[in-house]
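**Student:**
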Amino acid sequence: MFCFVHAADLHLDTPFEGIGHAAPEVAEMLRDASLRAWDRLVRLAMDQDAAFVALAGDIYDGPERGVRAQLHFLEGLKKLSSAGIQVFIAHGNHDPLDGWSAISEWPRGVTVFGSENVTAVPVERDGRLLAMVHGVSYARPETTENLATWFQRGREKVLHVGVLHCNVGNNSAHQRYAPCTVRDLVASGMDYWALGHIHQRQYIQEGDPWIVYPGNTQGRSLKESETGPKGAVVVRAEGTGIVHVEFFPLDEVRFGSVHVDISHVDSLPELIGVLISEARRLTAGQDLRALVLKAELAGRGHMHRKLTRRGAVREVLEELREQSREMSPLVWWDSLTVSTAAEIDREAVRSRGDFQADLVCLVDRLLSNPEALARFFETHATSLDDSLPILTRFLDPPDGDQMRELLVQAETLALDMLQEGDQE
């Protein structure tokens, strides 16, 4: 039995997106996080005595490839080479072969796949052939050919691994680089597909063949695809079969979110305590230097009034940061979103027969009729375009889920304002 490490989307020295004014110590960790994740990947391969490492694209964040990132990557490759671990690199859309390189010579055992055709390289240990690794790189960023159809299993009766940066199944959430289907991948005859491009870990198929996206090695923002544990997979194989696939986290800085329903929270100190407890739960047993969190508050309750008063969000956020300052690992609260509502009995409102009842009935009709909802938004979008043409020029039209969410939020806001008016 032998093992290999599959990783992708390292995005070395990448800038971090959507992070507010972080504390200096957090900002310093963020600057080096992607490089530290690469160091951990190198150590993982050596600790596991891996036969090889497959890197499925986007080693760097752009074709300009900063010198610091390239030299740090090269140092890791030298360590792997010294340990007798082969490395296979298939470049993707962020780091195509036509990008600038500061590396004139690769260490022994490192294979950088070309872009003209698929190359198959043997992996040997102690004179025994263990595997054939097949791969191809992007020549340029906008690669839209179905590269998966270029792969074909050889005659060697060993494990065959395909390394490719691609979009399987035309995932609309990601750009359509090297689009392919599961059928294309199966037809190649590979035993394991080491894929890259999708930042969320996915096991598309578990056997005959294995088709795996390991996700990126280090999260880069608070977007859903960038949150949670990030790392690589260790694949154990024997003969032509995959025995076990295991994920290993490598990130030093993790991004996440904490969701709290205020329905059963009685005070701001209690709310802060709940949020801190959730942060401790997320860091328990994790080998992290920092955790960057966004807090999202939802639900209905009397706390809504306290949270929506002027300055309340800033005060809660500052108190969270203060109480988390001495936590280990360090926790940084980036933002606090309040999507709460006052306690409203919609059924009681509906039965009142007044304007508020008409509003609730209208919302229910729109939510139950997607076509009517779309027409409603189209009509009011036209009004918005007339009054704020500069703003709407830069806004994408909402999809169905977004329209429903916006409508519910608008209803809540309207009922809150109307009920406040009734109380005055």
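Just so you know, we're using our numbering here: the sequence shown kicks off at 2 and counts up by one. We put the beta carbon where it would ideally sit given N, CA and C, even for glycine.
1) Enumerate in chain order the residues of its own chain whose CB-to-CB distance from L130 is below 8 Å, with the five nearest sequence positions on each side excluded.
2) Closest to P371 by C-alpha separation, out of D400, L294 and T145, would be which residue?
3) Should the stretch 14-28 be regarded as contacting the stretch 45-56, the criterion being three or more beta carbon pairs within less than 8 Å?
4) My output table needs one value for V119: the three-state DSSP class, helix, strand or coil.
5) Apply the 10 Å Cβ neighbour rule to M30 and answer buried if 16 or more other Cβ atoms are within range, or exposed otherwise.
6) State the DSSP-derived secondary structure class of L389, mapped to helix, strand or coil.
7) Measuring alpha carbon to alpha carbon, tell me which residue in R282, Y61 and I90 is nearest L294.
8) I'd like the span of the beta strand (DSSP E) that includes T112, first residue to last.
9) Within this structure, are the beta carbons of G429 and V88 separated by less than 8 Å?
10) So Q201 is in the beta strand (DSSP E); what residue range does that whole segment cover?
11) Buried or exposed: L392, going by 16 or more other Cβ atoms within 10 Å of its Cβ?
12) Taking only the alpha-carbon atoms, compute the straight-line gap between D99 and H92 and give it to the nearest angstrom.
13) Counting beta carbon pairs with one atom in the stretch 178-197 and one in the stretch 143-152, are three or more of them shorter than 8 Å?
14) Can we count A179 as close to the ligand FAD, meaning its CB is less than 7 Å from some heavy atom?
15) Which full runs of the beta strand (DSSP E) of 3+ residues lie inside the stretch 212-263, going along the chain?
16) To the nearest angstrom, how far is the alpha carbon of V169 from that of A38?
17) Touch check for the stretch 297-304 and the stretch 333-340: three-plus C-beta pairs under 8 Å?
18) Return helix, strand or coil for H92, following the three-state DSSP convention.
19) Return the residue from the list Q153, V137, H161 and M191 that minimises the CA-CA distance to C167.
20) With three or more C-beta pairs closer than 8 Å as the rule, is the stretch 284-291 touching the stretch 305-315?
21) With C-beta atoms as the reference, is A57 less than 8 Å away from G229?
22) Count the other CB atoms, across all protein chains shown, that sit within 10 Å of the CB of D62; report buried if there are 16 or more and exposed otherwise.
23) Classify K295 as helix, strand or coil using the three-state DSSP reduction.
24) Taking 8 Å as the cut-off, decide whether the C-beta atoms of P210 and Y193 are in contact.
25) Does the beta-carbon distance from K224 to P250 come in below 8 Å?
26) Counting only the same chain and skipping the five closest in sequence on each side, list residues whose C-beta sits under 6 Å from that of R347.
27) CB V261 to CB V275, shorter than 8 Å?
28) Using 8 Å for Cβ pairs, my map puts F248 next to G220. What's the rounded Cβ distance?
29) With a threshold of 8 Å on Cβ separation, who are the neighbours of C4 within its own chain once the five nearest residues in sequence on each side are excluded?
30) Going by DSSP, name the residue or residues bridged to A133.
31) Could you give the distance in angstroms between the alpha-carbon of G163 and the alpha-carbon of W151?
32) Compute the distance between the beta-carbons of A342 and R301, then report whether it is under 8 Å.
33) Reducing DSSP to helix, strand and coil, say where A34 ends up.
34) Could you tell me the alpha carbon to alpha carbon distance between S82 and D33, rounded to whole angstroms?
35) Would you kindly report the start and end of the unbroken beta strand (DSSP E) that includes T341?
**Tutor:** For this structure:
1) Within the sequence shown, the letter at position 129 stands for residue 130. Answer for L130: P123, V124, E157 and V159, listed in chain order.
2) To locate residue 371, count along the sequence shown from 1; it is residue 370. The shortest C-alpha separation from P371 is found at D400.
3) no
4) Locating residue 119 in the sequence shown gives position 118, counting from the first residue. Looking at V119 - three-state DSSP - the assignment turns out to be coil, as it is neither helix nor strand.
5) As a first step, residue 30 must be located in the sequence shown, where it is residue number 29. Buried is the call here.
6) As a first step, residue 389 must be located in the sequence shown, where it is residue number 388. Here L389 scores only 49 on pLDDT, less than 50, and its place in the model is too uncertain to base an answer on.
7) What you label residue 294 is simply residue 293 of the sequence shown in a count that begins at 1. Answer by Cα proximity: R282.
8) Within the sequence shown, the letter at position 111 stands for residue 112. V111 to V113 is the span of the beta strand (DSSP E), which, as asked, contains T112.
9) Nothing in the structure corresponds to residue 429, since the chain is present only between 2 and 425.
10) In the sequence shown, counting from the first residue as 1, residue 201 sits at position 200. Per DSSP, Q201 belongs to no beta strand (DSSP E) and is neither H nor E.
11) Within the sequence shown, numbered from 1, the residue matching residue 392 stands at position 391. Per-residue confidence for L392 stands at a pLDDT of 47, beneath the threshold of 50, marking its modelled position as unreliable; no derived number is given.
12) Working through the sequence shown from its first residue, we reach residue 99 at position 98. Working through the sequence shown from its first residue, we reach residue 92 at position 91. Straight-line Cα distance between these residues: approximately 10 Å.
13) yes
14) For the ligand FAD, the structure offers nothing, since it holds no ligand at all.
15) 232-239, 242-250 and 254-262
16) One-based indexing of the sequence shown puts residue 169 at position 168. One-based indexing of the sequence shown puts residue 38 at position 37. Taking the straight line from one Cα to the other gives about 26 Å.
17) yes
18) Locating residue 92 in the sequence shown gives position 91, counting from the first residue. Coil.
19) On the sequence shown, residue 167 is found 166 positions in, with the first residue counted as 1. Ranking the options by Cα distance to C167, first place goes to V137.
20) no
21) Looking up residue 57 in the sequence shown gives position 56. Looking up residue 229 in the sequence shown gives position 228. The answer is no: Cβ separation not under 8 Å.
22) Position 61 of the sequence shown, counted from the first residue, corresponds to residue 62. The residue in question, D62, is buried, as its Cβ has 16 or more Cβ neighbours within 10 Å.
23) Numbered from 1 along the sequence shown, position 294 holds the residue referred to as residue 295. K295 falls in the strand class under three-state DSSP.
24) Within the sequence shown, the letter at position 209 stands for residue 210. Within the sequence shown, the letter at position 192 stands for residue 193. In contact: P210 and Y193 (Cβ atoms closer than 8 Å).
25) Taking the first residue of the sequence shown as 1, we reach residue 224 at position 223. Taking the first residue of the sequence shown as 1, we reach residue 250 at position 249. No, the pair does not count as a contact, with Cβ atoms beyond the cut-off.
26) In the sequence shown, counting from the first residue as 1, residue 347 sits at position 346. Around R347: V361.
27) Within the sequence shown, the letter at position 260 stands for residue 261. Within the sequence shown, the letter at position 274 stands for residue 275. Cβ distance < 8 Å, so V261 and V275 count as in contact.
28) The residue labelled residue 248 in the question sits at position 247 within the sequence shown. The residue labelled residue 220 in the question sits at position 219 within the sequence shown. Not a contact, Cβ separation roughly 14 Å.
29) Position 3 of the sequence shown, counting from 1, holds the residue named residue 4. Excluding residues within five positions, the ones whose Cβ falls inside 8 Å are Q49, D50, A51, A52, V235, V236, R237 and A238.
30) Working through the sequence shown from its first residue, we reach residue 133 at position 132. One point to set straight first is that residue 133 is Met, not Ala, in the sequence displayed. In DSSP, M133 forms a bridge with P123 and H161.
31) Start at 1 with the first residue of the sequence shown, and residue 163 comes out as number 162. Start at 1 with the first residue of the sequence shown, and residue 151 comes out as number 150. About 11 Å.
32) Within the sequence shown, numbered from 1, the residue matching residue 342 stands at position 341. Within the sequence shown, numbered from 1, the residue matching residue 301 stands at position 300. Taking 8 Å as the Cβ cut-off, A342 and R301 qualify as a contacting pair.
33) Taking the first residue of the sequence shown as 1, we reach residue 34 at position 33. Residue state, collapsed to three classes: helix.
34) Taking the sequence shown and counting its residues from 1, one reaches residue 82 at position 81. Taking the sequence shown and counting its residues from 1, one reaches residue 33 at position 32. Between S82 and D33, the C-alpha separation is close to 23 Å.
35) Within the sequence shown, residue 341 is the residue found at index 340, counting from 1. Here the beta strand (DSSP E) through T341 covers L331 to A342.
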